[in-house]
Structure formats: structure tokens, C-alpha cells
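Residue numbers (my numbering), protein chains in the order written: chain B, 320 to 426; chain S, 320 to 426. Here's the structure, in C-alpha cells; my notes come after.
Number of protein chains: 2
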Amino acid sequence: MGITKTQIFTAEQNELATILKVLGNPARIAILQHINNQKDCICNDIVEEIGLAQSTISQHLKELKSISLIEGEISGKRVCYCINQNKWQEILVLLNDFFDKTNLNCC
Amino acid sequence: MGITKTQIFTAEQNELATILKVLGNPARIAILQHINNQKDCICNDIVEEIGLAQSTISQHLKELKSISLIEGEISGKRVCYCINQNKWQEILVLLNDFFDKTNLNCC
DNA sequence: TTCTATTATCGTAATATTGCAATATATAAA
DNA sequence: TTTATATATTGCAATATTACGATAATAGAA
């Protein structure tokens with residue numbers, strides 16, 4: 320089917336999964352690293368650094384925007400993509416919460 | 320194409336993406352939560368708690384095993400799935416490293 | 001051995017994702 | 001206005017993912 324049965328899971332489970340799914344792609348990891356390294360935040364520079372077609376990068380940026388992790392600011396004919404710091408922190412908390420709940424006495 | 324161009328990314332980028340991709344599914348999040356809650360680690364109990372077919376759960380468990388995040392221990396005719404604590408910590412460090420590198424003065 | 005319960009694997013259908021070329025849109029420069 | 005540059009969108013093609021039923025494999029129970 321290719322379709323995930325989101326109905327049977329909680330909102331929290333679905334939200335976390337959606338975020339991790341967006342992050343689970345090397346191109347999007349690379350884009351975030353570039354933005355974080357402050358090498359570039361200009362869309363076109365990202366396209367040149369990562370060896371993918373402009374339309375492909377644009378699509379990946381759209382997915383990162385879909386979870387509010389980045390924001391695009393138009394400056395002239397260019398667009399500068401920046402990390403949404405609040406969301407970035409929020410995700411970190413979500414992940415830490417998830418990973419902290421570890422049970423050490425299994426089997 | 321549906322295929323990711325892993326060749327153009329670093330091993331670290333691909334590794335992180337692979338881990339996040341495996342985690343980026345609500346069924347697998349739910350499975351990990353169940354195991355961590357110590358409600359059950361027995362495969363069949365997981366199947367009953369989450370409303371998916373047994374073959375589907377088995378497949379998800381296989382993917383979680385593929386990144387060494389869980390391990391299955393046979394006990395009689397059952398299998399107990401447990402978190403691999405070392406891997407769990409390793410992933411947490413990876414994620415924290417990734418998220419810590421945030422640039423606050425963008426644009 | 002035969003039966004039953006548990007888990008894994010296979011085959012398949014439906015849908016999603018990745019990536020690109022082509023094209024549209026928008027802004028600045030000439 | 002015309003041209004060039006930057007980004008977004010659309011329309012594919014190839015591949016991946018999700019899910020299920022059927023079936024295999026395994027181990028304990030009868």
C-alpha cells in the first residue's frame with residue numbers, strides 16, 4: 320500500500336515520526352548542515368554545493384519548511400533559508416524525551 | 320526515481336539519514352515506546368497492542384534490527400525484543416551533535 | 001508423531017519518495 | 001521593455017515503502 324495507518328497512532332507518535340521522516344534523508348541533512356555552518360543560506364549556493372538539480376533542492380527545502388524547521392526570507396531575487404531556532408529546540412526536546420525513556424532491565 | 324543519491328553525500332550524512340529514516344514511522348515509534356515502557360518485549364504482545372498485521376510488525380522489527388537499535392532474543396517459541404542500550408546512546412549523541420551545531424546569526 | 005502457537009519470509013497491490021527536465025514566476029539589470 | 005538570474009511548480013519515470021494474506025519454519029504441547 321505504501322500508506323501509513325496514521326489513524327491507529329497517537330498525535331504525538333505521528334508528529335515525531337513525521338519530523339524524523341523529513342530529517343531522514345541525506346540531502347536534507349546536508350542542506351541543514353550547510354545552513355548551520357553558515358556557509359550559505361542562499362538557495363542557489365546550496366544547489367551548487369550539493370550536487371542535485373535545482374528543482375530537487377527546491378523540493379527538499381519545501382519539505383523542511385513543511386515541519387517549520389526552516390524559513391525562507393526573500394531578499395531581492397534571492398531567498399535566504401534560515402533555521403527556525405524555536406522549532407529546532409523543540410525537536411531536540413522531543414527527541415531527548417523520546418530517547419531518555421529507556422528501560423534498562425529488559426529480559 | 321525514488322532512489323537516493325547516497326554517493327554524493329558523506330558516510331556520516333548517510334548514516335544519520337538512515338537512522339532517522341528508520342525512526343521516522345509511527346509504527347516503529349510505537350514499537351520502541353512499548354519496549355521502553357516494558358509493557359511487552361514479546362513480539363506477539365506488540366502485535367496485539369499495535370493494530371497491524373503480524374507480518375507487518377515483523378517487518379518493522381526487522382528494520383529496527385537493521386540499525387542495531389533492537390535485538391531479538393529467542394526464549395522458547397517466543398522472541399523478546401530489547402533495546403540495544405549502546406546503540407540507543409550512540410544515536411542520542413549523534414542527534415545532539417547534529418542539533419547542537421546551530422548558527423544563531425543567520426540573515 | 002501430530003497439533004498448535006509464534007515468528008519470519010514471500011509475493012503482491014497500493015501509495016510515497018526521489019530526482020530530473022521543462023516550464024512558470026518574479027525580480028533585478030541592461 | 002528586454003534580458004538574465006533565481007526560485008518554485010509541474011509532470012513524469014524509476015524506485016522505495018507500507019501493509020496484508022499466504023505460507024514456511026520452529027518449538028513446545030498433546
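All residues carry an ideal CB built from backbone N, CA and C; glycine is no exception.
| Asked | Found |
| --- | --- |
| Cβ pair Ile348(S), Leu335(B) closer than 8 Å | yes |
| Neighbour-count burial assignment, Val366(B), 16 or more Cβ in a 10 Å radius | buried |
| Ranges of the alpha helix (DSSP H) found wholly within the region 332-366 of chain S, counting only runs of at least 4 | 345-355 |
| Residue range of the beta strand (DSSP E) that includes Ile410(B) | No beta strand (DSSP E) contains Ile410(B), which is instead part of the alpha helix (DSSP H) from 404-419. |
| Alpha-carbon spacing of Ala330(S) relative to Ala372(B), whole angstroms | 21 Å |
| Continuous beta strand (DSSP E) stretch holding Ser394(S): start and end | 389-394 |
| Close Cβ partners of Asp359(B) (< 7 Å) along its chain, the five nearest in sequence each way excluded | His353, Ile365, Glu368 |
| Bridge-paired residues (DSSP) for Cys425(B) | Bridge partners of Cys425(B): none, in fact. |
| Within 9 Å of chain S by C-beta, residues of the region 345-370 of chain B in sequence order | Pro345, Ala346, Arg347, Ile348, Ala349, Leu351, Gln352, Ile354, Asn355, Asn356, Gln357, Cys360, Ile369, Gly370 |
| Cα-Cα separation between Thr325(B) and Ala346(S), rounded to whole angstroms | 9 Å |
| heavy atom of the ligand COA below 7 Å from Glu382(B) C-beta | What this structure holds is no ligand at all, so the ligand COA is not there to describe. |
| Counted within 10 angstroms of its Cβ, other Cβ atoms place Gly343(B) as buried (16 or more) or exposed | buried |
| Same chain, Cβ closer than 7 Å to Asn356(S), neighbours up to 5 away in sequence not counted | none |
| Buried or exposed by the 16-neighbour rule on C-beta atoms within 10 Å, applied to Val341(S) | buried |
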